[in-house]
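Accompanying notes for the structure given below.
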Amino acid sequence: MEKSEAEWQQTLTPAQFGVLRQKGTESPYRNAYCRTYEPGTYACRGCGSLLFTSSAKYHAISGWPSFTQPLTKNAIKYAYDESFGMQRIEALCNVCDGHLGHVFPDGPEPSGLRYCMNSESLVMLADEE
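If you read the sequence shown in my numbering, its first letter stands for residue 809, the second for the next number, and so on.
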């Protein structure tokens with residue numbers, strides 16, 4: 809998916825643009841999905857690709873929505889991130905390259921990973937009853 813930076817700025821709020829396109833991080837605990845546990849699927853705010861299910865979400869006490877695993881193996885693209893003097897694995901949308909957050913090796917089973925995501929990069933689609 810290719811869009812110019814101007815096109816992204818027209819379709820995203822400044823906060824969403826800052827996270828998805830400029831690799832920013834939203835404030836902990838004061839974000840939309842930190843404490844949300846309703847049934848649904850989380851999609852990329854930039855392109856709508858399905859990324860996580862609410863059944864993979866857990867309370868990690870990190871201040872950001874956290875998941876044990878993505879919806880599918882190819883939903884997420886990974887990149888090595890050495891910004892701010894840290895060594896981390898960045899999680900990106902595999903379709904639009906939007907920055908989602910980071911993956912850490914301190915999560916629960918089944919993966920042992922914690923997908924620590926920014927709410928600004930996600931949109932939750934409620935399950936239909």
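Each residue gets a CB set at the ideal place from its N, CA and C atoms; glycine is no exception. As the structure is a prediction and not an experimental result, all values here were calculated from the model.
Is there contact between the stretch 898-908 and the stretch 864-877, where contact requires at least three CB pairs shorter than 8 Å? By the criterion of at least three beta-carbon pairs nearer than 8 Å, the stretch 898-908 is not in contact with the stretch 864-877.
So residue 826 is in the alpha helix (DSSP H); what residue range does that whole segment cover? By one-based count along the sequence shown, residue 826 stands at place 18. For residue 826, the enclosing alpha helix (DSSP H) has its first and last residue at 822-828.
With a CB to CB cut of under 7 Å and the five nearest residues on each side skipped, what residues in its chain are close to residue 895? Sequence index remark: in the sequence shown, residue 895 carries index 87 (1-based). Cβ neighbours of residue 895 beyond the five flanking positions: none.
According to DSSP, is residue 849 part of a helix, a strand, or is it coil? Locating residue 849 in the sequence shown gives position 41, where the first residue counts as 1. DSSP places residue 849 in strand when its eight states are reduced to three.
Could you check which residue in 855, 846, 844, 848 has the C-alpha nearest to that of residue 819? Translated into positions along the sequence shown, residue 819 becomes position 11. If we check each option's Cα against that of residue 819, 855 comes out closest.
Going by C-alpha distance, which of 823, 815, 875, 860 is nearest residue 935? Within the sequence shown, the letter at position 127 stands for residue 935. 860 is the residue among 823, 815, 875, 860 whose C-alpha sits nearest the C-alpha of residue 935.
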